[in-house]
Amino acid sequence: MGNEKVITAEQLTKRFGDFVAVDAISFEVSKGEIFGFLGANGAGKTTAMRMLCGLSLPTSGKATVAGFDVFKQNESIKKKIGYMSQKFSLYEDLTVKENIRFYGGIYGKSDSFIKEKTEKLLQQLHLTNEANALVRSLPLGWKQKLAFSVAIFHEPDIVFLDEPTGGVDPVTRREFWNMIYEASARGITVFVTTHYLDEAEYCNRVSIMVDGKIEALDTPAKLKEQYHAESMDEVFLQLARKATRSDG
Amino acid sequence: MKQFISFIRKEFYHIFRDRKTMLILLVMPIVQIVIFGFALTNEVKNSKFSVLDNAHDAASAALIQQLDASQYFELQSNLHSYNDISEAFKKGTIKLAVVIPEHFSDDLEHQNKAQVQLVADASDPNVANTLVNYAGAVILDYQDRITQDKKLPYTINTEIRMLYNPQLKGAYNFVPGVMAMVLLLVCTMMTAITIVKEKEMGTMEIMLVSPLKPLLIIIAKAIPYLLLSIVNIISILLLSVFVLDVPINGSIVLLMSESILFTIVSLSLGLLISTGASSQQTAMFISLVGMFLPTVMFSGFMFPVENMPKPLQIISNIVPAKWYYIIVRSVMIKGVGIEAVWKETLVLFGMMLFFLGMAFKQFKIRLA
Amino acid sequence: MRTLKFILQKEFRQIFRDPAIIRMIFLLPVIQLIILPMAADYEIKNIQLAVADHDHSTYSRQLINKITASGYFKLVDYGNSYRQSFGEIEKDRADLILEIPQQFEKQLVREDASTLFIAVNAINGVKGGLGSAYLRSIIQDYNREVRMQWIQFPKFSPEPTIEITSSNWFNPLMNYKFFMVPGILVLLLTMIGVNLTAINIVREKEIGTIEQINVTPIKKYHFILGKLIPFWILGLVVMTLGFVVARVVYGIIPVGSFATIYIFAAVYLLAVLGLGLLISTYAATQQQSMLISFFIMMIFILMGGLYTSIDSMPEWAQWITRFNPVSYFIEVMRMVVLKGSGLADIKQQLLIISGFAVVLNAWAIYSYRKRS
Numbered sequence: 000m001g002n003e004k005v006i007t008a009e010q011l012t013k014r015f016g017d018f019v020a021v022d023a024i025s026f027e028v029s030k031g032e033i034f035g036f037l038g039a040n041g042a043g044k045t046t047a048m049r050m051l052c053g054l055s056l057p058t059s060g061k062a063t064v065a066g067f068d069v070f071k072q073n074e075s076i077k078k079k080i081g082y083m084s085q086k087f088s089l090y091e092d093l094t095v096k097e098n099i100r101f102y103g104g105i106y107g108k109s110d111s112f113i114k115e116k117t118e119k120l121l122q123q124l125h126l127t128n129e130a131n132a133l134v135r136s137l138p139l140g141w142k143q144k145l146a147f148s149v150a151i152f153h154e155p156d157i158v159f160l161d162e163p164t165g166g167v168d169p170v171t172r173r174e175f176w177n178m179i180y181e182a183s184a185r186g187i188t189v190f191v192t193t194h195y196l197d198e199a200e201y202c203n204r205v206s207i208m209v210d211g212k213i214e215a216l217d218t219p220a221k222l223k224e225q226y227h228a229e230s231m232d233e234v235f236l237q238l239a240r241k242a243t244r245s246d247g
Numbered sequence: 000m001k002q003f004i005s006f007i008r009k010e011f012y013h014i015f016r017d018r019k020t021m022l023i024l025l026v027m028p029i030v031q032i033v034i035f036g037f038a039l040t041n042e043v044k045n046s047k048f049s050v051l052d053n054a055h056d057a058a059s060a061a062l063i064q065q066l067d068a069s070q071y072f073e074l075q076s077n078l079h080s081y082n083d084i085s086e087a088f089k090k091g092t093i094k095l096a097v098v099i100p101e102h103f104s105d106d107l108e109h110q111n112k113a114q115v116q117l118v119a120d121a122s123d124p125n126v127a128n129t130l131v132n133y134a135g136a137v138i139l140d141y142q143d144r145i146t147q148d149k150k151l152p153y154t155i156n157t158e159i160r161m162l163y164n165p166q167l168k169g170a171y172n173f174v175p176g177v178m179a180m181v182l183l184l185v186c187t188m189m190t191a192i193t194i195v196k197e198k199e200m201g202t203m204e205i206m207l208v209s210p211l212k213p214l215l216i217i218i219a220k221a222i223p224y225l226l227l228s229i230v231n232i233i234s235i236l237l238l239s240v241f242v243l244d245v246p247i248n249g250s251i252v253l254l255m256s257e258s259i260l261f262t263i264v265s266l267s268l269g270l271l272i273s274t275g276a277s278s279q280q281t282a283m284f285i286s287l288v289g290m291f292l293p294t295v296m297f298s299g300f301m302f303p304v305e306n307m308p309k310p311l312q313i314i315s316n317i318v319p320a321k322w323y324y325i326i327v328r329s330v331m332i333k334g335v336g337i338e339a340v341w342k343e344t345l346v347l348f349g350m351m352l353f354f355l356g357m358a359f360k361q362f363k364i365r366l367a
Numbered sequence: 000m001r002t003l004k005f006i007l008q009k010e011f012r013q014i015f016r017d018p019a020i021i022r023m024i025f026l027l028p029v030i031q032l033i034i035l036p037m038a039a040d041y042e043i044k045n046i047q048l049a050v051a052d053h054d055h056s057t058y059s060r061q062l063i064n065k066i067t068a069s070g071y072f073k074l075v076d077y078g079n080s081y082r083q084s085f086g087e088i089e090k091d092r093a094d095l096i097l098e099i100p101q102q103f104e105k106q107l108v109r110e111d112a113s114t115l116f117i118a119v120n121a122i123n124g125v126k127g128g129l130g131s132a133y134l135r136s137i138i139q140d141y142n143r144e145v146r147m148q149w150i151q152f153p154k155f156s157p158e159p160t161i162e163i164t165s166s167n168w169f170n171p172l173m174n175y176k177f178f179m180v181p182g183i184l185v186l187l188l189t190m191i192g193v194n195l196t197a198i199n200i201v202r203e204k205e206i207g208t209i210e211q212i213n214v215t216p217i218k219k220y221h222f223i224l225g226k227l228i229p230f231w232i233l234g235l236v237v238m239t240l241g242f243v244v245a246r247v248v249y250g251i252i253p254v255g256s257f258a259t260i261y262i263f264a265a266v267y268l269l270a271v272l273g274l275g276l277l278i279s280t281y282a283a284t285q286q287q288s289m290l291i292s293f294f295i296m297m298i299f300i301l302m303g304g305l306y307t308s309i310d311s312m313p314e315w316a317q318w319i320t321r322f323n324p325v326s327y328f329i330e331v332m333r334m335v336v337l338k339g340s341g342l343a344d345i346k347q348q349l350l351i352i353s354g355f356a357v358v359l360n361a362w363a364i365y366s367y368r369k370r371s
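Residue numbers (numbering that gives the first Met the number 0), protein chains in the order written: chain A, 0 to 247; chain B, 0 to 367; chain C, 0 to 371.
The following block contains the structure:
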């Protein structure tokens, strides 16, 4: 893992009226790292991630992604990142192949690149037979894996995953994390939010958000040590008890 | 029953949370009724006309003066030749040209017979037709005046009374029409779309496994729109009475009940559409692109149904707005009671049962 | 440019993947275009007449015969009480009452004058006005006949008469379909255009796919163009289909050139689709977008000059119609199809509609935000 910082955030804040969704968070993520973002529903994880992706304008603070400023250079950032949102966001009325081709195309990849890589990807996902099936007809687990593959299809520096394994069975979750490791091994930095605490163990470093603030940030091992806990579950519960915001 | 009420409550939350939609739903009918009430009239007022006066004598001057004085016509600068007419038509500066031949006065006085030619721009034949008729009536009036001066024997006079709408206001005709359109299309569209949306989002499944009967779920979805429509009906009626001066001559209770019946017909139609549509877009297409123009044209407020060819008169019967329009016109403006509109009411009632029955049947097929 | 190609490919695929929508885009206009124009006849025929005859004389019968023979009137009720006739009006079975007073014939012969009463249902003002005007002119004709019987004036008519001849230019047969068919085609085209685009972007918002688009480096105008072009082509296809129907069913061939119509339509469609996209960028849900487009459609269509004449509207309403693209297209259709106007004649309308197209699309691009 290099020391090159691909994401930096300093006092990053987002307000919606009186409500402070993200409250002055600061952190850095190194190249190739798998960085976990933990928190209860409504803790502000998604909002923080959306600011970094250029989907939401921060109210104050500073942040850079892949060396670009999130305030001014948000369109430049977009060339360097991949994103997979909480809501499944491939086109259900397009086929597997058409979806891949579309996203490859709008990232400016050449036809030959798209063609070759599509073949490879379909094989890896065991979707060769479903290449011309509508995405609508795939089971949820397959859809999620496909969505992830599409998010890193254009070989971004960083991929943002917003609760990628929601509603997926344990076997598929396992496979999904294998894909994340592979991506990371290829040098892609992974920024992932989750509320599955076992998944936190898979991350290189984990930050835990409570009520819009980062309450803890370290490797899973160090966090467990610091909070005298057996598992991340316990760490999380100790911190989450302080929460005043209700669910949602 | 408790579950049912909690379902209705949920639907209300959905609607009231979405402030923008609520606002549109409540303000739109008000704006429309005011704009259309004042602006729409199939009367042709102040139509621009010119005269090609080859006579330039006392009678021609008097005739032109009489035309200009009528509320239908507005005199534009005079024409000098026949060619000017087509020029003016092409530019659209006038709709009607009146050609008065030479020796108009002389002919009229000495031979008791003179001619006038009316030339109309018939690219809008309906307007042209009306203008020619009105101009004819004004000329007839002028002729009457000379006749009366001469005290001719054996004269049949006519006295005309305009019933219900002596000032011939467009609003008397268009308020009931617009009311029918707004209620029908808004209710149909909204119900169809809300239900299809649940289908699209997959939340319909969740509701169907609840212990509530499917029919009740559907009714619960429609009730908030029924209440919103009642608010709309009241605001439309208040506006027509106090702003547009269109009176409610009949019973308000009857008018309200008929309006509620019509709203339920529209909601049921929306329901039926929702069972057939797979996406919100399809639902919108059917309820807007498919129904808008037929409602405008067949309900009778734009084009009198009895003017249409027979097959179209038959088709017009399946347009719910037609029946409601007749009812509103009768109850609101003529001031008659249920004895005059019971047939139309029965038709609406039948339509409601038909739509609901069909919708429920379709719904069951899909569940099975 | 390459990006645009991929967006277009995707949009076209999505449109053609939903056969229900495709069917409706083509079928609804064709069916409506075949049926609706026949309903749009303002010419007043079959006016339902109720007669309350208190006289029962030769003259009253002659008069009634003359009226029914004219072809404009249908005698639906003949009685001798005004109240009964009025009941017919209340039940919508009659439009007009002619009341012939007692001693009508006697008074006319002995006192040289007699008065008939006409009562009209004037809720629909035009129908009332025209109906009574027809009736009056028939009565006057009859009056002349009566005079002729009593006074022997072989040479001249006893009263000054103004003979009215009328001619109708551009449409001498007064075929209202020549006016209505192109007009209705404009309305259908507008509805389809606005509705398809109004729902499009907001649909991606609702489903969530727009998020995925927004994190890509896609240019805003690429995205909007990608939405615009497929529907623009569809619109032109629908219009062509409409002209085929106009030709085959109604035998309508524009006096002017198709090129003029297509040039105007091409720009017009851009304006209308831009409006739809603009609605789509503002709306949060498909439902909202549909309500807004319904609202706008209703004003556009009812105030477009097809159904009611714009000249008869009050000043402020005429001012509103200046912002109504539909009114320009209907005017242009009327000019080109019936009067044979060319590009030079519609220059002003073309300029204005181009203005609409530029402003609406620029606004749509501006208001489409990739970042909230």
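Cβ atoms here follow ideal geometry from the backbone N, Cα and C, with glycine treated the same way.
Non-local C-beta neighbours of F101/A in its own chain, meaning closer than 8 Å and more than five positions away in sequence, comprise Y90 and L93, ordered along the chain. Where K44/C is concerned, there is no enclosing alpha helix (DSSP H), because DSSP gives it neither an H nor an E.
P155/A sits away from G53/A, with the two beta carbons spaced by 7 Å or more. Chain-order list of chain C residues neighbouring F70/A: empty, with the shortest C-beta distance near 10 Å, by a criterion of under 7 Å.
At a C-beta separation below 8 Å, T114/C has these neighbours in chain B: I155, N156, T157 and E158.
Nearest CB-CB separation between F101/A and chain C: below the 7 Å threshold.
D22/A and E200/A have their alpha carbons spaced roughly 25 Å apart. Think of a sphere of 8 Å around the beta carbon of D123/B: the chain C residues whose beta carbon falls inside it are F178, S308 and R333, in chain order. Contact annotation: the segment 82 to 91 of chain C does not touch the segment 126 to 134 of chain C, with fewer than three C-beta pairs closer than 8 Å. Judged by DSSP secondary structure, F222/C falls within the alpha helix (DSSP H) whose first and last residues are K219 to Y249. For the set A39/C, V236/C, K73/C and S59/C, the Cα lying nearest the Cα of N79/C is the one of S59/C. At a cut-off of 7 Å between beta-carbon atoms, K241/A makes no contact with chain C.
Taking a beta-carbon distance threshold of 7 Å, W149/C counts as an interface residue toward chain B. No Cβ of chain A is located within less than 7 Å of the beta carbon of G304/C.
Within the segment 285 to 300 of chain C, contact with chain B at the beta-carbon level (separation under 8 Å) is assigned to Q285, Q286, Q287, M289, L290, I291, S292, F293, F294, M296, M297, I298 and I300. Within the segment 51 to 79 of chain A, contact with chain C at the beta-carbon level (separation under 7 Å) is assigned to C52, G53, L54, S55, L56, N73, E74, K77 and K78.
K77/A sits away from T284/C, with the two beta carbons spaced by 7 Å or more. At a beta-carbon threshold of 7 Å, the residues of chain C lying near G289/B are L27, ordered along the chain. Identification of residues in the segment 64 to 91 of chain C having a C-beta nearer than 7 Å to some C-beta of chain A yields an empty set. Looking at the DSSP output, F26/A shares a beta bridge with A8/A. Shown in chain order are the members of the segment 325 to 342 of chain B whose Cβ falls below 8 Å from a Cβ of chain C: I325, R328, S329, I332, K333, V335 and A339. Per DSSP, reduced to three states, the secondary structure at L196/A is helical. One alpha carbon belongs to V240/B, the other to V30/B, and they sit about 15 Å apart. Straight across, the Cα-Cα distance linking V50/C with A93/C is about 10 Å.
Closest by C-alpha distance to T154/B, out of I183/C, N194/C, N167/C and V108/C, is V108/C. Straight-line spacing of the CA atoms in N167/C and G336/B works out to 44 Å. Contact note: G269/B does not reach chain C at a C-beta cutoff of 7 Å; the least C-beta distance is about 12 Å. Taking 9 Å as the cut-off between beta carbons, the residues of the segment 1 to 29 of chain C near chain A are R1, T2, K4, F5, I6, Q8, K9, R12, Q13, R16 and D17, in sequence order. Interface annotation, V271/C: not in contact with chain B, CB-CB separation never under 7 Å. Identification of chain A residues near I217/C by a Cβ-Cβ cut-off of 7 Å yields I105, ordered along the chain. The Cβ of E162/C sits closer than 7 Å to at least one Cβ of chain B. Judged by DSSP secondary structure, S230/A falls outside any alpha helix (DSSP H); it is assigned neither H nor E. Against N45/C, the close residues of chain B are E305 and N306, in the order they occur along the chain (beta-carbon pairs closer than 8 Å). Look at the beta carbons and you see the segment 131 to 150 of chain B not touching the segment 193 to 204 of chain B: under three pairs across the two are nearer than 8 Å. Counting other Cβ atoms within 10 Å of its Cβ, Y175/C reaches 16 or more and is therefore classed as buried. Proximity of V125/C to chain B, defined by a Cβ-Cβ separation below 7 Å, is satisfied.
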